[in-house]
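**Student:** Below is a structure I'd like to ask you about.
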Amino acid sequence: MISSRGPRTSGAVAVYVIVLVAFQVFLLTVAVEAFLEDQETLAWATAAVSVALAAGAAMFLRWLRP
Amino acid sequence: MTDDVGTPVPLWRRDFPYQAGAEDEVTRREFTRYLVLGAGAMAAGNVGIAAWTQLRSINTGEPRPIVTLADVAIGQTFLFRYPTPDDPAVLLRTGDRELVAFSQKCTHLGCVVYFEADEDRWHCPCHEGNFEAVTGQVISGPPTRPLGRIDVEVRDDGQIWALGRAE
């Protein structure tokens, strides 16, 4: 069924969602490997990127508010 | 909001309906709210893993006795735990009063390594990593860093002491 209000999600939003979720899962995998290898530098770098992505998502949510 | 039989519909079911016709109920903002929660949870998990990795590497261990020298024959190994009960380690007696000790965790992905006397090396069976017996340096396989070395010494009473993990 097609919404009477038309498409609700732009291509840019879809790409953003896919990239964000996929990248976060990837970062979690890298963090676990860094833990197993005792590489704290890599673990912290991964955490920093992950937090930045989450902050970006939060800013995106704020931008969507009417 | 209730369903056909008057049961209250939970918020998650309203946001993610079973039927396509109800998809109008999902707004970009609601979807993004879940996205932010998911991303935040994964970011928190990443920070937690990083902190755990950092805390674990800080503990280099306090000096403590492992075993008496007479209980380990030349060319034999002795398994112990150091610096915590969760850290497997292994001691190898290479000579009369010559000993080396390493963390038993492979530096690739943390599998347990064991001593191969025939090849005079430490071997990781998970991904075929090999380390030199005395130095712990990588010989072959996927590991890029040597085994974690633990400083040991034999004291006058014949006890072997672990002195701490070498940095």
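Read top to bottom, the protein sequences are chains A and B.
Residue numbers for the first sequence follow my numbering, beginning at 1 and rising by one.
Residue numbers for the second sequence follow my numbering, beginning at 1 and rising by one.
For glycine and all other residues, C-beta sits at the position ideal for the given N, C-alpha and C.
Might you give, ordered along the chain, the residues of its own chain that have their beta carbon closer than 7 Å to the beta carbon of A/A47, omitting 5 neighbours on each side?
**Tutor:** By 1-based counting over the first sequence, the position of residue 47 of chain A is 47. Excluding the 5 residues flanking it on each side, A/A47 has same chain C-beta neighbours closer than 7 Å at A31, in chain order.
**Student:** May I have a chain-ordered list of the beta strand (DSSP E) segments no shorter than 3 residues that lie completely inside the stretch 112 to 154 of chain B?
**Tutor:** The beta strand (DSSP E) runs lying completely inside the stretch 112 to 154 of chain B and spanning 3 residues or more are 114 to 116, 121 to 124, 129 to 132, 138 to 140 and 149 to 154, given in chain order.
**Student:** A/V21 versus chain B: which residues are under 9 Å apart at the beta carbon?
**Tutor:** Along the first sequence, one-based indexing puts residue 21 of chain A at 21. Ordered by position in chain B, the residues that pass the 9 Å Cβ test against A/V21 are L35, G38, A39 and M42.
**Student:** Indicate the three-state DSSP secondary structure (helix, strand or coil) for B/T68 in the structure shown.
**Tutor:** Sequence index remark: in the second sequence, residue 68 of chain B carries index 68 (1-based). Strand, per DSSP.
**Student:** Using a Cβ-Cβ cut-off of 7 Å (strictly less than) and excluding sequence neighbours within five positions of B/D87, which residues of its own chain qualify?
**Tutor:** In the second sequence, residue 87 of chain B corresponds to position 87, counting from 1. Taken in chain order, the residues that qualify are R81 and S103.
**Student:** What does A/T46 touch in chain B if you count any residue whose Cβ is under 9 Å from its own?
**Tutor:** What you label residue 46 of chain A is simply residue 46 of the first sequence in a count that begins at 1. Those are N46, I49 and A50, listed as they occur along chain B.
**Student:** State yes or no: is the beta carbon of A/F35 nearer than 8 Å to at least one beta carbon in chain B?
**Tutor:** By 1-based counting over the first sequence, the position of residue 35 of chain A is 35. Closer than 8 Å: yes.
**Student:** Sort out for me which residues DSSP pairs A/S50 with in a bridge.
**Tutor:** The residue you call residue 50 of chain A lines up with position 50 of the first sequence. A/S50 pairs with nothing; no bridge assigned.
**Student:** To the nearest angstrom, how far is it from the Cα of A/I2 to the Cα of B/F31?
**Tutor:** As a working mapping, residue 2 of chain A is identified with position 2 in the first sequence. As a working mapping, residue 31 of chain B is identified with position 31 in the second sequence. Confidence at A/I2 is low in this model, with a pLDDT of 46, below 50, so the placement of that residue is unreliable and no value is reported for it.
**Student:** Classify B/H127 as buried or exposed, calling it buried when 16 or more other Cβ atoms lie within 10 Å of its own Cβ.
**Tutor:** Sequence index remark: in the second sequence, residue 127 of chain B carries index 127 (1-based). Label assigned to B/H127: exposed.
**Student:** A/R5 to B/Y34, Cα distance in whole Å?
**Tutor:** Numbered from 1 along the first sequence, position 5 holds the residue referred to as residue 5 of chain A. Numbered from 1 along the second sequence, position 34 holds the residue referred to as residue 34 of chain B. Note on A/R5: pLDDT 49, under 50, position unreliable in the model; the coordinate value appears next. Going by the C-alpha atoms only, they are around 23 Å apart.
**Student:** How is B/G164 classed by DSSP in three states: helix, strand or coil?
**Tutor:** By 1-based counting over the second sequence, the position of residue 164 of chain B is 164. It is a strand residue.
**Student:** Excluding the five sequence neighbours on either side, which residues of its own chain have a C-beta within less than 7 Å of the C-beta of B/A117, listed in chain order?
**Tutor:** Your numbering for residue 117 of chain B matches position 117 in the second sequence. Around B/A117: G75.
**Student:** Given that a residue counts as buried once 16 or more other Cβ atoms are within 10 Å of its Cβ, and exposed if not, what is A/L53?
**Tutor:** The residue given as residue 53 of chain A occupies position 53 in the first sequence. With 16 or more Cβ atoms within 10 Å of its Cβ, A/L53 is classed as buried.
**Student:** Taking B/L109 as part of the beta strand (DSSP E), name the residues at either end of that continuous run.
**Tutor:** Along the second sequence, read from residue 1 onward, the residue named residue 109 of chain B stands at position 109. Element bounds for B/L109: n/a, residue is neither H nor E.
**Student:** Going straight from the alpha carbon of A/L27 to that of B/R56, what length do you get?
**Tutor:** Residue 27 of chain A sits at position 27 when you count from the first residue of the first sequence. Residue 56 of chain B sits at position 56 when you count from the first residue of the second sequence. In a straight line, the C-alpha of A/L27 is about 20 Å away from that of B/R56.
**Student:** Does any residue of chain B have a CB that is nearer than 8 Å to the CB of A/F60?
**Tutor:** As a first step, residue 60 of chain A is located in the first sequence; it is residue number 60 there, counting from the start. Residue contact with chain B for A/F60: present (Cβ-Cβ distance below 8 Å to some residue of chain B).
**Student:** Please look up how many angstroms separate the CB atoms of B/I150 and B/A162, rounded, as I've assumed it's under 8 Å.
**Tutor:** Position 150 of the second sequence, counted from the first residue, corresponds to residue 150 of chain B. Position 162 of the second sequence, counted from the first residue, corresponds to residue 162 of chain B. Going by Cβ atoms, the distance from B/I150 to B/A162 rounds to 5 Å, so yes, they are a contact pair.
**Student:** Quick one: is B/S140 buried, meaning 16 or more other Cβ sit within 10 Å of its Cβ, or exposed?
**Tutor:** Your numbering for residue 140 of chain B matches position 140 in the second sequence. Per the 10 Å Cβ criterion, exposed.
**Student:** Assuming A/L20 and A/A57 make a contact with CB atoms under 8 Å, what is their CB distance in whole Å?
**Tutor:** Reading the first sequence from its first residue, position 20 is the one you call residue 20 of chain A. Reading the first sequence from its first residue, position 57 is the one you call residue 57 of chain A. Right, their Cβ atoms sit about 6 Å apart.
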